[in-house]
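Remarks on the structure that follows.
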Amino acid sequence: MLLTNKVAFITGTSRGIGKNIVEQYAINNATIYANARTEGSIDDYTKKLCKKYNVTIIPLYFDVTDVTAAKNAILKIKKEQGKLDILVNNAGIMKDALIGMISADMMHEIFETNVFAVMEMIQLASKLMTRQKSGSIINISSIVGVNGNKGQLVYSASKGAIISITKTAAKELAPNNIRVNAIAPGMIDTAMFRSISESHQSELVNNIGMGRIGSPEDVAKACVFLASDLSNYVTGQILGVDGSAIV
Amino acid sequence: MTNLEKYTQAFIDTLDITEEQTKGLEYRSITQWDSVGHMQLITALEDAFGIMMDTDDIIDLSSFEKGKEILKKYEVEIK
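If you're matching them up, the sequences are chains A and B in order. For the first sequence, position 135 (counting from the first letter as 1) is numbered 134 according to numbering that gives the first Met the number 0, and the numbering increases by one without interruption. For the second sequence, position 68 (counting from the first letter as 1) is numbered 67 according to numbering that gives the first Met the number 0, and the numbering increases by one without interruption.
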């Protein structure tokens, strides 16, 4: 159990990768604050995990773009736990459009959730982590943030921004022993991936060296590594979890 | 300790200055109060008064006197 005595805060946990990160962290004995946007959406799931793994999981319902709500979440963790060891910035949205058909609203919406909310959360979490002189921040980027992808100008730009945010925050927070890393998942079997057309899905799978799309568990286990003491000297890194995919 | 004493002590401890030096003190007017010192000062003030300041207020806290005004927003009266 790699996360015993650690307090984790994970955003975007109602489905897919985020949901799986909660389970993997529960398996590894962390105390977890799990964020989701829709009130009540993760109550049943988190109760089941609490019982199954004998851990504490507290749902926190708010939109990550709501800075006041995010601040209140951090204050709650500070009051209840006195510390925060792990932050996983997983919440994100994906919308595709070709160049020439990208509205300003779409750009703003994606950047508000995928980039600005992440920056704010890092600022808030680092306040607690700086006091305790330790912490691990894990940001979820994407293979398309590294390589770009047709039809995903805004989404890939937002995930590319996560890469530079990660590298800069790693440099700035290293003196306080706070590590900041990112995971760049490839094609992962989630509702987000399945929302694209089947023909496009097949095309993408054909470009994966390992011949299969990844599971949310594949990504979640990498998050366990980066949250745990196994990665105590790892910071500023972008870890691809993509089965040798070409995009 | 009064709030003013706690407030002043936060400046003295984090910026390594004397009480006399707090009078009229402004951000960047001394080498210790650079951006790194500023964040340490904010942490000390937040801990001293049990508050968490908004980013805009952190940025606006540009002097010893200004800080007193800003803390009023958090229901902390410095006197």
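All residues carry an ideal CB built from backbone N, CA and C; glycine is no exception.
So with Cβ pairs under 8 Å, would you call residue i a contact of chain A?
i: residue 0(B); result: no
i: residue 17(B); result: no
i: residue 30(B); result: no
i: residue 13(B); result: no
i: residue 21(B); result: no
i: residue 7(B); result: no
What three-state label does DSSP hand residue i in the structure shown?
i: residue 87(A); result: strand
i: residue 236(A); result: coil
i: residue 138(A); result: strand
i: residue 96(A); result: strand
i: residue 3(B); result: helix
i: residue 197(A); result: helix
i: residue 213(A); result: strand
i: residue 25(B); result: strand
i: residue 28(A); result: coil
i: residue 14(A); result: coil
i: residue 151(A); result: strand
i: residue 180(A); result: strand
i: residue 59(A); result: strand
i: residue 101(A); result: coil
i: residue 77(B); result: coil
i: residue 61(B); result: coil
i: residue 16(B); result: coil
i: residue 161(A); result: helix
i: residue 19(A); result: helix
i: residue 71(A); result: helix
i: residue 248(A); result: Any property of residue 248(A) remains undetermined from this structure, which presents chain A solely from 0 to 246.
i: residue 207(A); result: strand
i: residue 50(B); result: coil
i: residue 41(A); result: coil
i: residue 113(A); result: helix
i: residue 245(A); result: coil
i: residue 231(A); result: coil
i: residue 53(A); result: coil
Within the 8 Å Cβ cut-off, does residue i reach chain B?
i: residue 82(A); result: no
i: residue 122(A); result: yes
i: residue 74(A); result: yes
i: residue 130(A); result: yes
i: residue 94(A); result: no
i: residue 5(A); result: no
i: residue 70(A); result: yes
i: residue 149(A); result: no
i: residue 126(A); result: yes
For residue i, count the other beta carbons within 10 Å of its own beta carbon; 16 or more makes it buried, fewer makes it exposed. Which is it?
i: residue 84(A); result: buried
i: residue 194(A); result: exposed
i: residue 243(A); result: exposed
i: residue 6(A); result: buried
i: residue 226(A); result: buried
i: residue 37(B); result: buried
i: residue 81(A); result: exposed
i: residue 229(A); result: exposed
i: residue 45(A); result: buried
i: residue 174(A); result: exposed
i: residue 102(A); result: exposed
i: residue 149(A); result: exposed
i: residue 3(A); result: exposed
i: residue 0(A); result: exposed
i: residue 72(B); result: exposed
i: residue 93(A); result: buried
i: residue 232(A); result: exposed
Can you tell me the Cβ-Cβ gap for residue i and residue j, rounded? I've got them flagged as a contact below 8 Å.
i: residue 15(A); j: residue 34(A); result: Their Cβ separation, rounded to whole angstroms, is 14 Å, which puts residue 15(A) and residue 34(A) out of contact at 8 Å.
i: residue 72(A); j: residue 32(A); result: 7 Å
i: residue 22(A); j: residue 48(A); result: 6 Å
i: residue 142(A); j: residue 184(A); result: 7 Å
i: residue 186(A); j: residue 213(A); result: 6 Å
i: residue 295(A); j: residue 116(A); result: Shown here, chain A extends from 0 to 246; a query on residue 295(A) therefore has no answer.
i: residue 197(A); j: residue 19(A); result: That belief does not hold up - the Cβ atoms of residue 197(A) and residue 19(A) are roughly 23 Å apart, past 8 Å.
Any contact between the region 33-41 of chain A and the region 119-126 of chain A? By contact I mean 3 or more CB pairs, one from each, below 8 Å. With a cut-off of 8 Å, the region 119-126 of chain A and the region 33-41 of chain A do not count as touching, because too few Cβ pairs lie within range.
Touching or not, the region 24-31 of chain A and the region 201-215 of chain A, by the rule of three or more beta carbon pairs under 8 Å? Touching, no, given that fewer than three Cβ pairs across the two stretches are closer than 8 Å.
Does the region 158-166 of chain A come close enough to the region 174-192 of chain A that 3 or more CB-CB pairs lie under 8 Å? Segments in contact, yes.
Does the region 12-31 of chain B come close enough to the region 153-162 of chain A to have 3 or more Cβ pairs within less than 8 Å? Contact fails: fewer than three Cβ-Cβ distances are below 8 Å.
Should the region 20-28 of chain B be regarded as contacting the region 58-70 of chain B, the criterion being three or more beta carbon pairs within less than 8 Å? Contact annotation: the region 20-28 of chain B touches the region 58-70 of chain B, with at least three C-beta pairs closer than 8 Å.
Segment contact, 8 Å Cβ cut-off, at least three pairs: the region 61-69 of chain A with the region 207-215 of chain A: Contact fails: fewer than three Cβ-Cβ distances are below 8 Å.
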